[in-house]
Amino acid sequence: MAKKMSMMINADHSEVCRAVILEDGKVQDYIVENVSHEKVKGNIYLGVINRIEPAIEAAFVDFGGKKYGFLPFKDVLRETYVNTGEKKARVRIQDVLVHGQKILVQVAKESRDSKGPSLTNSVSLPGRFLVLMSGSQASAVSRKIEDEEERKKLKTLVADFKLPENLGLIIRTAGVGRTKTELQKDLQRLLVVWESLKSSVKDESKEPPFLIYQEADMVVRLVRDHFTTDTSEVVVDNVDSYNALKSFMKLIMPRMVNRIKLYQDTRPIFARHNVESQIESLYQRTVPLPSGGSIVFDTGEAMVSIDVNSGKTTSASQLEETALNTNLEAADEIGRQLRMRDLGGLVVIDFIDMFHKKNQTLVEKQIKKVCKADKARINISRISKFGLLEMSRQRLAPPVQEGAFIKCASCDGNGMVRSLNYTVMDVLRKISEHLAKGKVKTLRAEVSHEVTEYLLNNKSRFLLDLQEKHQFKLEFVGSTGKVWTDFKYQVTEKTAEEVAAQETKSIDSVAETKKTADAEETPKRPSRGRDSRGRRRPTQRKRYSRRSPNGRRPGPKSAPAEAASGSESPTATPSSQSSIVADTVSQIEQPKSETEKSFNKNEAVGNITPISRPVAEPPVKVVPPAPLPVEIAPKPSNSDKGFAKRVSEEPPPSGTDS
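The sequence shown begins at 248 in my numbering and counts up one residue at a time.
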C-alpha cells in the first residue's frame, strides 16, 4: 500500500516560517526559518581576502557578513590562483593567494557559536532536476540513486548537453524518470543565472564585498528540494506564499500546479492536522518509544550522544528479545529525530547490549534503511563490543533548538547553578580579597535577596569581627529579581592619612598585646610546700632522739589546752568548750558585705540581676529595597565577658536540680 505524502507550510507570521513533510500523518521532516537568524547558506558573494594563514592552509575572506568567512585552500579553484611566475612541486596557499585579492565565494555552512561561516570557491547552482557546478567538466549522478540501470540511463540523457568551459552538472534524485527535454529546460535556466554571475563579477562600478546571488526563500526552496510526484498536496496558509508557489510550479512543473492549495480555515493549520504536538517532541531531551522504552539526546560541543533505555518494556519474556525489539524501535525513531532536529557532526548511539551478532546486524541494517531517506550525507559504522554505534551526519542547517532557545543566564548553558551555600562562601572570599589590599573604607556588595538573608542570619558575627579587624564599613544591597550567582562590588578606598593612622593603631595594638602576653608568661614564685612546677613536696617523717618519761612520744603541738597550761591531760574543761563553741557561732553569724551576699554560693543564680547595657547599632548596613527580619546581637565587652564567666561558675542552690 502506497504511503500518502504531503507538505504543510505555516507562514501566517512574517517572523517565523515553518514547514513539515508528512507521511501518513506522521512528521518525517521539519524545516523552520526565523527572521532573527539570517540565513546565508547558498548565497554567492564577491569577497576580499583579508588574511592568509599558512599554518592551517586557509584564508579568511570578508564577504560582507558579521564575521569573516573561512576558506580552506582545498576549496580554491586553480583558475583563481595568482600567477607568481614561480613553478614549485608543491603549491602553497601563500604563493597563489594574496591579501586584498578579489574572490568569488559561496557560503557552504552557516556560522555557529564563535565560528564564522565556511566558504568555497567552487560555486554550485541548484535547480529542480540538475545542479550546475563550477570547476568541473564532468557530469555525474546523485549517490542517492542506487539503481544502476537508472544511473546509466540518466548519464546517456545528459551526455549530449553542451556546457561552457569549467562547468559540470549533477543529476538530482528528482530527475529520475524525467525526459531529456525537461532536463534541458532546467539546464538553460541555470545557465542564465550563471551568465548573470559572471557579468556581476566583471562590474567595476561596485566595490567588493557585495552579494551577487541570493538563495530562494524557504517556501520555494522546500518545493524545489522535496516535492516529488508522490506528493499528493502542498497546503499553505499564506496568500503571498501561495501565489509564489503557483508561479514557481508553472515554471518548472506546470502539470502539478493543482496540487498547491490555500488553507483558509480559522483553526491553525498545524493544530488542525495534529502536527503541533509532534513538533513539541523535538524540543524534549527524552523521546518515548511505543513499547515503553525511551531515547535520550545529549548535544555537546564535540558530538551528539544518544542513549537507548528499555524503561517499562515487559512485552518479551527473554532479555535478548527485549533488547532487540527496543533497539529496532529506537533505530527508526533516531533516524527520524536526526532529520527533524537537523543534528550534524559525530553521533554516538548507546544501544541496549545484545549478545548475538545476528541481532546486532539487524539493528545496523535497520538504521541504515531509515537514513536512506535523509538528504544529508551519512556514514554509519558497526556496533562495537561496548554496544556503541558511531555515525557522522552532514550538517545542512543549524539545529532546530538553536533558533528556539537561548543560553540560560543563570547557568550559562550548563544546566546547573551553584548552591546558595557555595555562593555565600564565594562572596565572603571576594570580600576578603578586597580587604587584603588594606585600603578599603567602604565596601558595597550588590547581591541577591537570598544571599543577603543567609549572610545576616548565619554570618553576622563573622561580619562584625571582620569590620572591627579591618576598620571598614560593609553594606549589602539585596534584590529579589537578581540571580543569586550574580554579585558585584563597589569599593571606596581610604586616603593616605587614614591608612597611616590605621597602621599606627595596629602597631600600638600589637605592642600592647605582646606586653600583656609577656606579663602573663613571667614565672611565678612557687608556693610554700610546692616545687617550681607546682607539685607538692613530699613530707619527711620527724625523728625524736628521746622518749617521754612515761615511755610515750610527745603529743602534737596542736592541742590548745596542753600548750597553754603545760598539763599532760588531753581533755579540756567544760567552760573552755563553751567558749570555743561561742566563738565559732559568732564567726558564722558575722554579717557579710554586699558583694559577698551577691555572690553567695548557696543562693540561686537566677536571682542575680544582670547588668543592663544599651544595645549598639550593628555596623553591618543593609540597604533597601527589601527589609530583612534579622537582628544582630551586639558584641559583648570585656567586662560583660567576665561577668558572664563568674555567673556560669556559680553552682546551683542546695535542694535544686543541678
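Note that beta-carbon positions come from the ideal geometry of N, C-alpha and C, so glycine has one too.
What does the alpha-carbon distance come out to for the pair residue i and residue j?
i           : j           : result
residue 747 : residue 753 : 10 angstroms
residue 520 : residue 295 : 49 angstroms
residue 694 : residue 591 : 41 angstroms
residue 696 : residue 648 : 33 angstroms
residue 251 : residue 507 : 16 angstroms
residue 422 : residue 401 : 8 angstroms
residue 721 : residue 656 : 28 angstroms
residue 582 : residue 544 : 13 angstroms
residue 631 : residue 597 : 10 angstroms
residue 499 : residue 428 : 12 angstroms
residue 320 : residue 679 : 53 angstroms
residue 455 : residue 475 : 39 angstroms
residue 526 : residue 619 : 22 angstroms
residue 671 : residue 610 : 51 angstroms
residue 360 : residue 654 : 11 angstroms
residue 450 : residue 384 : 26 angstroms
residue 605 : residue 633 : 16 angstroms
residue 550 : residue 443 : 41 angstroms
residue 515 : residue 493 : 22 angstroms
residue 276 : residue 553 : 19 angstroms
residue 504 : residue 497 : 6 angstroms
residue 244 : residue 580 : The first residue shown for the chain is 248 and the last is 905, placing residue 244 beyond what the model contains.
residue 805 : residue 766 : For residue 805, the pLDDT reaches just 45, beneath the cut-off of 50, and the residue's location in the model is therefore unreliable, although a value from the coordinates is still provided. Computed Cα separation, rounded: 41 angstroms.
residue 502 : residue 480 : 13 angstroms
Under the rule that 16 or more other beta-carbon atoms within 10 Å means buried, what is residue i, buried or exposed?
i           : result
residue 888 : Unreliable placement is indicated for residue 888, whose pLDDT of 47 sits below 50; no coordinate value is reported for it.
residue 629 : exposed
residue 758 : exposed
residue 489 : buried
residue 264 : buried
residue 347 : exposed
residue 669 : exposed
residue 622 : exposed
residue 366 : buried
residue 303 : exposed
residue 310 : buried
residue 312 : buried
residue 662 : exposed
residue 709 : exposed
residue 918 : Residue numbering for the chain in the displayed model covers 248 to 905; residue 918 lies beyond these limits and cannot be assessed.
Would residue i pass as a contact of residue j if the rule is Cβ separation under 7 angstroms?
i           : j           : result
residue 640 : residue 625 : yes
residue 292 : residue 370 : no
residue 317 : residue 363 : yes
residue 547 : residue 573 : no
residue 257 : residue 487 : no
residue 613 : residue 578 : yes
residue 681 : residue 690 : yes
residue 272 : residue 324 : no
residue 637 : residue 595 : yes
residue 741 : residue 684 : no
residue 448 : residue 255 : no
residue 471 : residue 375 : yes
residue 212 : residue 688 : This structure cannot settle anything about residue 212, because the visible part of the chain is limited to 248 through 905.
residue 389 : residue 420 : yes
residue 646 : residue 586 : no
residue 282 : residue 274 : no
residue 377 : residue 434 : yes
residue 315 : residue 297 : yes
So, for residue i: in the same chain, excluding its five sequence neighbours on each side, which residues have a beta-carbon less than 6 angstroms away from its beta-carbon?
i           : result
residue 570 : 599 and 601
residue 461 : 290
residue 535 : 541
Would you say residue i faces chain D, with C-beta separation under 7 angstroms as the test?
i           : result
residue 380 : In the structure shown, chain D cannot be found, because there is only a single protein chain.
Near residue i, which residues of its chain fall below 7 angstroms by C-beta distance, leaving aside the five closest residues on each side in sequence?
i           : result
residue 405 : 386, 416, 418 and 430
residue 299 : 306, 340, 341, 344 and 346
residue 328 : 343
residue 565 : none
residue 530 : 648 and 651
Please work out which residues of its chain come closer than 8 angstroms, Cβ to Cβ, to residue i, disregarding the five sequence neighbours upstream and downstream, and give them in chain order.
i           : result
residue 478 : 252, 253, 254 and 506
residue 575 : 609, 610 and 613
residue 414 : 379, 380, 381, 383, 384 and 441
* To do: Entirely within the stretch 422 to 454 and at least 4 residues each: give me those alpha helix (DSSP H) ranges in chain order.
  => If we require 4 residues or more, the alpha helix (DSSP H) runs fully inside the stretch 422 to 454 come out as 427 to 449.
* **Every unbroken beta strand (DSSP E) inside the stretch 597 to 673 [3 residues or more]** => Note on the stretch 597 to 673: whole beta strand (DSSP E) runs with a minimum of 3 residues are 625 to 630 and 635 to 640, in chain order.
* Asked: If you scan the stretch 534 to 576 from start to end, which runs of the alpha helix (DSSP H) of 4 or more residues do you find wholly inside it?
  -> Qualifying alpha helix (DSSP H) stretches: none in this window.
* Could you tell me which uninterrupted alpha helix (DSSP H) segments, each at least 4 residues in length, are contained entirely in the stretch 686 to 767, listed from first to last along the chain? => With a minimum length of 4 residues, the continuous alpha helix (DSSP H) runs that stay inside the stretch 686 to 767 are 696 to 705 and 707 to 717.
* **Start-end ranges of the alpha helix (DSSP H) lying completely within the stretch 368 to 406, minimum 4 residues** => Taking 4 residues as the minimum length, the alpha helix (DSSP H) runs contained wholly in the stretch 368 to 406 are 395 to 405, in order along the chain.
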